[in-house]
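The structure appears right after this line, and notes come after that.
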Amino acid sequence: GTPFVEVIPAIDLRGGRCVRLHQGDFAQETIFSDDPVAMARQWQEQGGPRLHLVDLDGAATGEPAHLEIISAIVAALDTPVQVGGGIRTADTARAWLEAGVDRVVIGTAAVRNPGMVQEVCSSHGSGRVVVAVDAREGMVAVQGWQEASEVSALELAHNMAALGVVRLLYTDISRDGTLSGPDLDTNTQLVRETGMAVLASGGVSSVEDIRQLVPTRVEGVIVGRALYTGAVALPEAIEAATEREEGSDWWGDGG
Numbered sequence: 004g005t006p007f008v009e010v011i012p013a014i015d016l017r018g019g020r021c022v023r024l025h026q027g028d029f030a031q032e033t034i035f036s037d038d039p040v041a042m043a044r045q046w047q048e049q050g051g052p053r054l055h056l057v058d059l060d061g062a063a064t065g066e067p068a069h070l071e072i073i074s075a076i077v078a079a080l081d082t083p084v085q086v087g088g089g090i091r092t093a094d095t096a097r098a099w100l101e102a103g104v105d106r107v108v109i110g111t112a113a114v115r116n117p118g119m120v121q122e123v124c125s126s127h128g129s130g131r132v133v134v135a136v137d138a139r140e141g142m143v144a145v146q147g148w149q150e151a152s153e154v155s156a157l158e159l160a161h162n163m164a165a166l167g168v169v170r171l172l173y174t175d176i177s178r179d180g181t182l183s184g185p186d187l188d189t190n191t192q193l194v195r196e197t198g199m200a201v202l203a204s205g206g207v208s209s210v211e212d213i214r215q216l217v218p219t220r221v222e223g224v225i226v227g228r229a230l231y232t233g234a235v236a237l238p239e240a241i242e243a244a245t246e247r248e249e250g251s252d253w254w255g256d257g258g
């Protein structure tokens with residue numbers, strides 16, 4: 004059957020290699036591969052419907068740092084790719100989209116400069132924009148996760164919807180890279196109260212976690228560390244995301 008939740012492998016790039024950070028901390032890094040293009044190909048071969056690429060150096064500096072590698076990944080794959088990390092101007096967003104990226108993921112700029120988000124939506128179409136809502140205990144964090152803002156996740160989501168944004172990526176930073184399970188409550192609340200497409204990220208540690216996300220009606224789930232440690236096998240994850248719970252009728256209301 005068609006997956007109810009898209010399972011999206013993440014490739015975090017730093018210094019040209021695939022890494023994972025623990026809770027966004029640059030000092031706590033694990034290197035998983037020196038060949039991001041081969042890694043991207045592997046996830047496509049295992050059935051990944053799209054890939055989520057993060058330019059960690061770009062997130063820290065605000066300038067794209069992996070344009071060549073990401074362009075090579077785009078060229079090597081048939082599946083669409085979304086890229087985040089350091090996209091703080093409309094020009095940077097355009098550079099990525101012109102490099103063949105399907106969607107740009109905008110984080111910090113969405114809090115600091117909502118007009119830029121609106122400009123990218125109107126220039127390139129809302130379908131090519133994802134706003135990343137990175138939150139710690141419900142409050143949005145910005146600038147490569149090092150600072151907290153005064154905005155709640157839900158408030159930011161509503162503000163973005165008003166600018167034409169149709170898709171959010173919600174990460175609970177306190178869970179990211181920790182394998183402690185996703186934040187089901189906030190994901191459910193964002194889906195219900197905003198009507199937007201929501202991608203869940205952070206804390207996925209098992210196929211069971213993915214199964215639990217299905218009833219939240221998130222559009223997708225981004226899986227990183229658990230794929231690289233072997234805790235989750237991508238084909239099994241995709242299968243779990245396709246399963247309907249027996250006796251539950253949440254998809255039966257025309258939604």
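Residue numbers (the working numbering): 4 to 258.
Every residue gets a Cβ at the ideal spot worked out from N, C-alpha and C, and that includes glycine.
Remember, it's a predicted structure, so these values are computed and weren't measured experimentally.
Excluding its 5 nearest sequence neighbours in each direction, S177 has C-beta neighbours in its own chain below 6 Å: R139, listed in chain order. Spanning the alpha carbons of S183 and V22 requires a straight line of approximately 19 Å. Ranking A93, P39, Q47 by CA distance to the CA of E71 puts P39 first.
Distance check between A78 and each of D94, G89, Q47, D60 places Q47 closest, using alpha-carbon atoms only.
Rounded to the nearest whole angstrom, the C-alpha separation of I14 and G227 is 7 Å. Between the alpha carbons of V221 and V114 lies a gap of roughly 22 Å.
By the neighbour-count criterion, in which a residue is buried when 16 or more other Cβ atoms sit within 10 angstroms of its Cβ, R195 is exposed.
Bounds of the beta strand (DSSP E) holding H55 are 54–58. It is roughly 30 Å from the alpha-carbon of V132 to the alpha-carbon of A234.
The beta-bridge partner set that DSSP reports for P12 consists of V226. Closest in alpha carbon position to L171, among A93, Q85, R97, is Q85.
By the neighbour-count criterion, in which a residue is buried when 16 or more other Cβ atoms sit within 10 angstroms of its Cβ, T64 is exposed. DSSP, reduced to helix, strand and coil, places M119 within a helical segment of the structure shown.
For the pair L59 and L16, the CB atoms are nearer than the 8 Å cut-off.
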